[in-house]
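One structure is given here, and the rest of the page talks about it.
Number of protein chains: 2
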Amino acid sequence: MDVSPVACCAPIAKQPLEESEAVELAALLKAVADPVRLRLLSMIGSHPDGEACVCDLTGAFDLSAPTISHHLKTLRNAGLIDGERRGTWVYYWIVPAQVARLGELFSPLAEPAATT
Amino acid sequence: MDVSPVACCAPIAKQPLEESEAVELAALLKAVADPVRLRLLSMIGSHPDGEACVCDLTGAFDLSAPTISHHLKTLRNAGLIDGERRGTWVYYWIVPAQVARLGELFSPLAEPAATT
Chain Y
1 MDVSPVACCA PIAKQPLEES EAVELAALLK AVADPVRLRL LSMIGSHPDG
51 EACVCDLTGA FDLSAPTISH HLKTLRNAGL IDGERRGTWV YYWIVPAQVA
101 RLGELFSPLA EPAATT
Chain V
1 MDVSPVACCA PIAKQPLEES EAVELAALLK AVADPVRLRL LSMIGSHPDG
51 EACVCDLTGA FDLSAPTISH HLKTLRNAGL IDGERRGTWV YYWIVPAQVA
101 RLGELFSPLA EPAATT
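If you read the sequences in order, they're chains Y and V. Per full-length UniProt numbering, the very first residue in the first sequence carries number 1; after that it's consecutive. Per full-length UniProt numbering, the very first residue in the second sequence carries number 1; after that it's consecutive.
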């Protein structure tokens with residue numbers, strides 16, 4: 001049986017989640033549990049300017065503009081991205097704190113400080 | 001606009017995900033994007049012995065044993081937990097490497113090593 005100390009340190013494995021917290025986190029996870037939305041998130045986050053024009057995003061998918069807009073709205077409603085209209089186009093960027101919440105849940109905590 | 005350096009360092013924001021990778025990660029995320037499964041994962045991971053008897057899990061939910069079993073099967077199929085039958089009961093434990101994959105996707109990378 002492989003029960004490494006890594007598991008013990010991820011917040012998901014530190015203590016049982018409260019029901020209300022689980023409901024909230026599940027909603028956040030549902031927002032990213034889709035291949036198109038994951039790709040959109042990575043395309044926005046890795047864009048050289050730190051933000052991406054919707055005009056740069058739609059071309060990568062074999063999907064209609066309204067479908068892409070729907071996925072972007074889902075990410076935005078979950079607080080994972082934000083955006084603003086400038087002229088013809090909407091520009092999107094990642095909201096780091098909200099993305100980090102997902103990471104924190106499943107990541108091992110940093111090396112515990114040595115007790116002296 | 002808040003584009004902090006934190007965003008730049010999470011793997012999700014380092015480069016656009018390949019479609020095949022996005023499909024695989026979305027399936028893994030779907031497995032945890034449910035309040036009951038998140039709670040089960042946290043209960044198993046935080047159990048003092050590093051593993052939990054299914055008999056310890058069902059009581060916490062107002063759900064039937066077959067429903068809990070279905071959720072446990074989803075987590076197991078996703079590789080997030082594993083288990084084995086011992087006598088009457090099945091015991092489950094977390095698979096740290098698979099849980100860590102979720103964390104790594106959304107977490108800022110560790111402080112980059114100083115270049116000398």
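The C-beta atom is built at its ideal place from N, Cα and C for all residues, glycine as well.
Tell whether a beta-carbon distance below 8 Å holds between residue i and residue j.
| i | j | result |
| --- | --- | --- |
| Y:Leu28 | Y:Ala78 | yes |
| Y:Ala31 | Y:Leu80 | yes |
| Y:Trp89 | Y:Cys55 | yes |
| Y:Phe106 | V:Ala100 | yes |
| V:Gly83 | Y:Gly103 | no |
| V:Ala52 | V:Tyr91 | yes |
| Y:Ile68 | Y:Leu75 | no |
| V:Ala33 | Y:Ala22 | no |
Name the one or two DSSP bridge partners that residue i has.
| i | result |
| --- | --- |
| Y:Val90 | Y:Arg85 |
Which of the three DSSP states is assigned to residue i in this structure?
| i | result |
| --- | --- |
| residue 119 of chain Y | Limits of chain Y in this structure are 1 at one end and 116 at the other, which puts residue 119 of chain Y out of reach. |
| Y:Ala52 | strand |
| V:Pro16 | coil |
| V:Ser64 | coil |
| Y:Gly45 | helix |
| V:Val95 | coil |
| V:Ala78 | coil |
| V:Ser69 | helix |
| Y:Ala100 | helix |
| Y:Glu24 | helix |
Check whether the Cβ of residue i lies closer than 7 Å to any heavy atom of the ligand FMN, and answer yes or no.
| i | result |
| --- | --- |
| Y:Pro16 | No copy of the ligand FMN occurs in the structure displayed, which carries no ligand at all. |
Taking only beta-carbon positions, decide if residue i is within less than 8 Å of chain B.
| i | result |
| --- | --- |
| Y:Asp34 | In the displayed structure, chain B is absent; the protein chains listed are Y and V. |
Practice task
Could you tell me whether the region 42–53 of chain V touches the region 32–43 of chain Y, using the rule of 3 or more Cβ pairs below 8 Å?
Solution key: no
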